[in-house]
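Remarks on the structure that follows.
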Amino acid sequence: MTIENADPDPLPETPPLELRRAQEARLLEAWRTPTGWRYWSAVNNSTVGLWYCVASFGFFLFGGILALLIRIQLAVPSNGFLSADQYNQVFTLHGSVMMFLFAVPIFEAISILLLPQMLGARDLPFPRLSAFGFWCFLIGGVFVSGSIFFNAGPKGGWFMYPPLTSSYQPGIGADIWLLGLSFIEVASIAAAVELIVGVLKCRPPGMRINLIPLYSWYILVVAGMILFAFPPLIAGDLLLEMERTCDWPFFDATRGGDPLLWQHLFWIFGHPEVYIVFLPSVALIAMIVPTMARTKMLGYSWIVLAAVGTGFLSFGLWVHHMFTTGLPGISIGIFSAASQAVAIPTGVQLFCFLATLIAGRVTKSVSMLFVFAGLATFIIGGLTGVMVAVAPFDFQAHDTYFIVGHLHYVLIGGTIFPIIAGFYYFIPLVTGRLLSERVGRVVFWLMLTGFNVTFLPMHLTGLLGMPRRVYTYPAGMGFETLNMISSIGSFVLGIGFVVFLWDVLRPRKNQPLAERNPWNAGTLEWLAEVPNRPWGVRSIPEIDSRYPLWDQPDFVRDVDEGRFYLPDAEEGLRETLVTSEIDAVPRQCLRVPGPTFIPLWAAIFVGGVFIFGTFHWWWSTVISGVLGLATILIWLWTGTAIIPEKPTKDIGLGLTVPIYVSGPQAVGWWAMFITMLGDMTAFIALVFGYFFYWTIHEDFPPDPLPGPGVLWPSISLSLFVAAWWLTILARRWNRADQAKSYYCVLTTAALLTIAGSGALVAGPWITELDPTAHVYPAIVWILVIWTAGHAAVGFIMQTYCIARRAAGKMTSRYDADICNVTLYWHFLALTAVITVATIAGFPLLT
Amino acid sequence: MREPANTTSKPERDESLWSLIVSPIIWAIHFLATYLTAAIWCAKFANSNRSFDEVRVAIGVFTVIALAGIFVNGWGGYRHHKFGGESVPHDDDTPEDRHRFLGFATLLLAGLSAVATLFVAAVAVFVRSCH
Chain A
10 MTIENADPDP
20 LPETPPLELR
30 RAQEARLLEA
40 WRTPTGWRYW
50 SAVNNSTVGL
60 WYCVASFGFF
70 LFGGILALLI
80 RIQLAVPSNG
90 FLSADQYNQV
100 FTLHGSVMMF
110 LFAVPIFEAI
120 SILLLPQMLG
130 ARDLPFPRLS
140 AFGFWCFLIG
150 GVFVSGSIFF
160 NAGPKGGWFM
170 YPPLTSSYQP
180 GIGADIWLLG
190 LSFIEVASIA
200 AAVELIVGVL
210 KCRPPGMRIN
220 LIPLYSWYIL
230 VVAGMILFAF
240 PPLIAGDLLL
250 EMERTCDWPF
260 FDATRGGDPL
270 LWQHLFWIFG
280 HPEVYIVFLP
290 SVALIAMIVP
300 TMARTKMLGY
310 SWIVLAAVGT
320 GFLSFGLWVH
330 HMFTTGLPGI
340 SIGIFSAASQ
350 AVAIPTGVQL
360 FCFLATLIAG
370 RVTKSVSMLF
380 VFAGLATFII
390 GGLTGVMVAV
400 APFDFQAHDT
410 YFIVGHLHYV
420 LIGGTIFPII
430 AGFYYFIPLV
440 TGRLLSERVG
450 RVVFWLMLTG
460 FNVTFLPMHL
470 TGLLGMPRRV
480 YTYPAGMGFE
490 TLNMISSIGS
500 FVLGIGFVVF
510 LWDVLRPRKN
520 QPLAERNPWN
530 AGTLEWLAEV
540 PNRPWGVRSI
550 PEIDSRYPLW
560 DQPDFVRDVD
570 EGRFYLPDAE
580 EGLRETLVTS
590 EIDAVPRQCL
600 RVPGPTFIPL
610 WAAIFVGGVF
620 IFGTFHWWWS
630 TVISGVLGLA
640 TILIWLWTGT
650 AIIPEKPTKD
660 IGLGLTVPIY
670 VSGPQAVGWW
680 AMFITMLGDM
690 TAFIALVFGY
700 FFYWTIHEDF
710 PPDPLPGPGV
720 LWPSISLSLF
730 VAAWWLTILA
740 RRWNRADQAK
750 SYYCVLTTAA
760 LLTIAGSGAL
770 VAGPWITELD
780 PTAHVYPAIV
790 WILVIWTAGH
800 AAVGFIMQTY
810 CIARRAAGKM
820 TSRYDADICN
830 VTLYWHFLAL
840 TAVITVATIA
850 GFPLLT
Chain B
1485 MREPANTTSK
1495 PERDESLWSL
1505 IVSPIIWAIH
1515 FLATYLTAAI
1525 WCAKFANSNR
1535 SFDEVRVAIG
1545 VFTVIALAGI
1555 FVNGWGGYRH
1565 HKFGGESVPH
1575 DDDTPEDRHR
1585 FLGFATLLLA
1595 GLSAVATLFV
1605 AAVAVFVRSC
1615 H
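The listed protein sequences correspond, in order, to chains A and B. Going by the numbering used here, the first residue of the first sequence is number 10, and it counts up by one from there. Going by the numbering used here, the first residue of the second sequence is number 1485, and it counts up by one from there.
See the structure below:
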């Protein structure tokens, strides 16, 4: 079926009241939030999104208290409030918590909560993945944050530079950071998958790519950035943890390693990270500004340019954090130039916002105050950023309080103020009530004043020469007054947050509910009823405009009366629409899962691997890992690619679409593709490590070559390629319904996979490469282990597909499992080729 | 079941979101090629007799190729943007306006990528040695 233009004919007549009531009752029953202790089994985006918001805000408050401890300690010279060791833990956790447990998760939280509403979807495509991500985040976050109460917190700074964090910090603090935060990064990648597929595949019919809310553009870009930014850090975490646990010398200069590799891997993550936390906040501004200015956003295409352009250019900046490490001048110049260039798209979007505000008639509100504060503050931070992008200035300012001032202007102006603006703006969607404008203005002035009093003087403190991360300073250096002012300001800022929190949490029983769409906004999230219903949207509308609530006549009424798509839940199942990526033409009626504890259990067991691993409790780690794998397999077996009772479904307005699709049409295929892009990025980061060592050593790979030779890696590659080819063949024969041939080739493929892994490991094993002796054997081993580990997953997938068909859960028509597994195998084959080309091929060239 | 409704001169299957990011990808490849060439040359040959002009010429060649690619992509975007003579904001609910929007966004990104590429290339004009 091909429908190029899905605009419906005139809408049907309003259904009779009785029918509407019956439809609503069925929808309510299908989407009902569980109660009692089962509440925690909820997976619906509105519930999980709320938990996510509350948890990230909780971590924010924790990070804020740590900040106040820092300011107490630095208020006066030679202060003994905190010891040096305590101070190191406090500032390390402050930075880590704010970045990893607040700034990134709050964007995921807000997006999971609001994105489906903005897209008129009932839910995101993988609700259990969102729930799994949330539980991973919570468990990992509590683990990392809790360490400080046992005097076991990380103390290497939020960027954890070795050798400080390898040779000089033998405790478990750094391990907690590396493993705990790696675990949380899994949650971020899960959210990225969810959000990319959500934006591209779960839009309402008619919402063409030129009509999607600007928020969605930003989220698409940011989720894409996460895929390429977080994996290098995961690779770095893996290398540093291997050095700490197994003595593999990746960053130990005495055995060929190099601490600079960590800096590269960290900042390839770390700089885009700044934009990963900034762009979603700008996205909030992009939703608030048109509403408050009472006009459509000007320069929509220019904002898309800004979002996409910033997403790319922000990856070309990482070395500007390393200007003082002695890199060649030309390298510094290249990154300095890119750092200047990123100011262009960043500026473009700000001008679009300003133009919209000038063109419209701005309504006074607290959220607009915070938008203005955010823009002004961010611009100041951006300008000092351009200053430090000039390398000679950076040489002077590096690691001083000037940088502390700069980064807080960027992060608080670019992230926190817009989030607070978003809080004031969006809270009626969550609680049904508005926050007090009067109290809000007090909050605003307290925060704005407190913030500037705290951080403006820091620029001067830094220029006077005060370095970051010192736990105290002697009197008489000119730092006293400025530090005292900063400390006073920090408490004013803190009081602002306390008042804000009080306004959010205070009982409001006497306050009437807000009216529906209280700001008179034009975008779909404001279809939400007050109090909100769990079904997301009563019927999934047809969209003709960027601001349908403003432009489409009788729009809210038609949605409420169930005159659009999927107004019912006849089968009592949770359903939403999947549409095409560009024109949002309906392609599938996707059934999404309801409440289950499986994601929670999966997160607990997978978390156990990281947490037990931190303490070197290897048996517990292995048992937890096996349980985690079993839980995930049960999750997949019982809840994915379920064969429907009928092939198609009438979704209303005379349109019938399939319930089950496979291959590139399916959301699961997209999820696999996106996940593997991230996985590939981590792998490329490891390969980058290999070639990085080649650039810094005269004799890398060593001559004569100690291993792994050419023979075993070549055999391994042949076996992997054969297994890959047979897996593709299996997909074809399954589709042709040739069961015997299918079982035969897939079983052979699985056996070849085992043999291929064995041959790969045999190379360094037989040549007795000792990974603790030098970085060369260590990096060869890590590439081999990475590939063999992925092959093990590939083996599990192959046997899973054999079992699925045998159990009747996969057929020639319903073949999503084998399609997704084949896609995984394309990436695995590429991984094997690159690994063998690197460890066996490259030494032949040198 | 509703049959295919209006036929259009700009069907979805002929459109691609990838064209939007061709220019930024070219910028990224140019950036990496420039950086890696410079970094590897400086690591391996800085103390040899070879001339640093090798690096500068290489960067120049990369830049010409990159700008040519960006120009082609941007020109394609410009033609899409001008389809039918309509002007921005391209916010109609029609396949044609979607087509124009994607073209305009491609053009803008090509422009930004070209500027960013020239920024990076300018380093080769001003820096004459590894240090």
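Backbone N, C-alpha and C define an ideal beta-carbon position, used for all residues, glycine too. Computed from a predicted model, the values in this text were never measured in an experiment.
Cross-chain neighbours of residue i in chain A, by beta carbon under 9 Å
i, result
"Val1599 of chain B", "Ala350 and Ile353"
"Glu1481 of chain B", "A query on residue 1481 of chain B cannot be resolved here, the shown segment of chain B reaching from 1485 to 1615 and no further."
"Glu1538 of chain B", "Those do not exist, as Glu1538 of chain B stays about 12 Å from chain A at its closest Cβ, beyond 9 Å."
"Phe1546 of chain B", "The contacting residues do not exist; Phe1546 of chain B stays about 12 Å from chain A at best."
For residue i: DSSP bridge partner residues
i, result
"Glu584 of chain A", "A:Arg600"
"Val452 of chain A", "Its beta-bridge partners do not exist; DSSP assigns none."
"Pro595 of chain A", "A:Thr588"
"Leu37 of chain A", "In the DSSP output, where bridge partners are listed per residue, Leu37 of chain A has none listed."
"Thr409 of chain A", "A:Pro476"
"Thr657 of chain A", "A:Pro667"
"Tyr702 of chain A", "Tyr702 of chain A pairs with nothing; no bridge assigned."
"Tyr574 of chain A", "A:Ile549"
Chain-order list of residues whose beta-carbon lies under 7 Å from that of residue i (same chain, five-residue window excluded)
i, result
"Val351 of chain A", "Thr319, Leu322, Ser323 and Leu326"
"Leu91 of chain A", "Leu78, Gln82, Val99 and Tyr480"
"Trp271 of chain A", "Tyr170, Pro171, Gly245, Leu249 and Phe260"
"Met475 of chain A", "Thr409, Tyr410, Tyr482 and Phe488"
"Cys828 of chain A", "Ser671, Gly672, Trp678 and Arg740"
"Trp186 of chain A", "Ser105, Val153, Pro163 and Met169"
"Ala768 of chain A", "Trp721, Ile724, Ser725 and Leu728"
"Val451 of chain A", "Val508"
Close-in-space but distant-in-sequence residues of the same chain around residue i (CB under 6 Å, 5 per side omitted)
i, result
"Phe1585 of chain B", "His1574"
"Gly431 of chain A", "Leu293"
"Lys658 of chain A", "Cys598 and Ile668"
"Ala382 of chain A", "Phe426 and Leu457"
"Ser225 of chain A", "Val208"
"Ser65 of chain A", "Phe111, Pro114, Ile115 and Ala118"
"Asp569 of chain A", "Arg547"
Cβ neighbours of residue i in the same chain (closer than 8 Å, five flanking residues each side left out)
i, result
"Thr840 of chain A", "Met689, Phe692, Trp795, Thr796 and His799"
"Pro1488 of chain B", "In this prediction, Pro1488 of chain B scores a pLDDT of 42, lower than 50, which makes its location untrustworthy; no coordinate-derived value is stated."
"Leu558 of chain A", "Asn526, Ala530, Gly531, Thr532, Leu533, Trp535, Leu536, Phe564 and Val565"
"His280 of chain A", "Ser323, Phe324, Leu326, Trp327, His329 and His330"
"Gly342 of chain A", "Ala400"
"Ser1493 of chain B", "Pro1579 and Glu1580"
Partners in chain B for residue i, counting only beta-carbon separations shorter than 9 Å
i, result
"Asp553 of chain A", "Asp1576 and Asp1577"
Within chain B, the residues that residue i reaches when beta carbons sit closer than 8 Å
i, result
"Ala347 of chain A", "Phe1515, Ala1600, Phe1603 and Val1604"
"Trp311 of chain A", "Leu1592"
"Val317 of chain A", "Leu1504, Ile1505, Pro1508, Ala1589 and Leu1593"
"Thr532 of chain A", "The premise fails here: Thr532 of chain A is roughly 13 Å from chain B at the closest Cβ pair, so nothing lies under 8 Å."
Listed by chain order, chain B residues near residue i by CB distance under 7 Å
i, result
"Phe411 of chain A", "The premise fails here: Phe411 of chain A is roughly 24 Å from chain B at the closest Cβ pair, so nothing lies under 7 Å."
"Leu314 of chain A", "Ala1589, Leu1592, Leu1593 and Leu1596"
Residue i: contacting residues in chain A (beta-carbon distance under 7 Å)
i, result
"Val1607 of chain B", "Ile339, Gly342, Ile343 and Ala346"
First through last residue of the alpha helix (DSSP H) which encompasses residue i
i, result
"Phe851 of chain A", "Phe851 to Leu854"
"Ser499 of chain A", "Glu489 to Leu514"
"Ala1589 of chain B", "Pro1579 to Phe1610"
"Lys373 of chain A", "That residue, Lys373 of chain A, is in no alpha helix (DSSP H); it is neither H nor E in DSSP."
"Leu322 of chain A", "Tyr309 to Leu322"
Heavy atom of the ligand NAP within 8 Å of residue i beta-carbon
i, result
"Gly165 of chain A", "Ligands displayed in this structure: none; no statement on the ligand NAP is therefore possible."
Practice task
Could you tell me whether the region 238-253 of chain A touches the region 328-337 of chain A, using the rule of 3 or more Cβ pairs below 8 Å?
Solution key: no
Handout entry: Contact set between the region 579-609 of chain A and chain E, restricted to residues whose Cβ is under 9 Å from the partner
Key = No chain E appears in this structure, whose protein chains are A and B.
Practice task
Determine, using beta-carbon pairs with one atom in the region 190-206 of chain A and one in the region 235-244 of chain A, whether at least three such pairs fall under 8 Å.
Solution key: yes
Problem - Meets three-Cβ-pair contact criterion under 8 Å: the region 529-549 of chain A and the region 488-503 of chain A - result: no
Exercise for the section: Indicate whether the contact test is met: 3 or more Cβ pairs, each with one atom in the region 414-428 of chain A and one in the region 382-394 of chain A, closer than 8 Å. Expected result: yes
Problem - Stretch pair the region 1501-1511 of chain B + the region 1545-1556 of chain B: three plus CB contacts closer than 8 Å - result: yes
Exercise for the section: Could you tell me whether the region 134-153 of chain A touches the region 213-220 of chain A, where touching means 3 or more Cβ pairs closer than 8 Å? Expected result: no
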